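End of the sequence shown = 222 in the numbering used here, gap-free, step of one. All C-beta atoms, glycine included, are put in the ideal place defined by N, C-alpha and C. Bear in mind that the values here come from a model prediction, so they are computed numbers and not experimental data. A short worksheet on the structure shown next.
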Amino acid sequence: MKTVLVVDDDESLRMLYEKEFADEGYRVVVVGSGKEALDVIWKEPCDAVILDIKMEPPDGLEVLGQIKQKNRDLPVIINTAYATFKGDFGAWSADAYVVKSSDLTELKETVKRFVT
């Protein structure tokens, strides 16, 4: 079973993503901070990361940089409510950028594209 790590400081969103991706057949690990995300990534293998940007330090861009330094092949999908970060140089190393929406179709399709 493929594992997706969801990193978001919004508890209700974490719960929604956990249910939705579990229904898609993934093992889902959810955390509420960048520090927790790094702890998980260093300890157990993940097949993809769904990463929010706006969080308490370290924010999503810092976490993205640390993930890519350790494992360039781990797909990281930025999932944020702010389209403005798409042009941020720090976001360019992400494998995909999906703006948050109540319709999870694009996010699910993006994860599926990277996790086969």
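Helix, strand or coil at residue i [DSSP, three-state]
i, result
"Val-112", "strand"
"Tyr-123", "helix"
"Leu-180", "coil"
"Leu-210", "coil"
Chain D contact for residue i (CB, 8 Å cutoff)
i, result
"Val-113", "Going by chain labels, chain D is absent from the structure shown, which holds only one protein chain."
Residue j beta carbon less than 8 Å from that of residue i
i, j, result
"Leu-144", "Val-182", "no"
"Ile-147", "Ile-173", "yes"
"Phe-127", "Val-110", "yes"
"Val-204", "Leu-213", "yes"
Residue i versus residue j: straight-line alpha-carbon distance, rounded
i, j, result
"Ser-208", "Asp-179", "29 Å"
"Pro-107", "Ala-154", "Looking at the sequence shown, residue 107 is not Pro but Met. For Met-107 and Ala-154, the distance between alpha carbons rounds to 12 Å."
"Asp-165", "Asp-116", "14 Å"
"Lys-176", "Glu-142", "16 Å"
"Glu-130", "Glu-150", "21 Å"
Residue i versus the options, residue with shortest Cα-Cα distance
i, options, result
"Val-217", "Ile-156, Asp-129, Pro-163 and Gly-171", "Ile-156"
"Tyr-132", "Tyr-123, Ser-139, Thr-211 and Gly-138", "Tyr-123"
"Val-137", "Arg-219, Leu-119 and Phe-220", "Leu-119"
"Ala-200", "Pro-151, Glu-215 and Asp-158", "Asp-158"
Burial state of residue i (16 or more Cβ within 10 Å)
i, result
"Met-121", "exposed"
"Gly-171", "exposed"
"Thr-186", "buried"
Heavy atom of the ligand ZN within 7 Å of residue i beta-carbon
i, result
"Ser-208", "This structure simply doesn't include the ligand ZN, nor any ligand for that matter."
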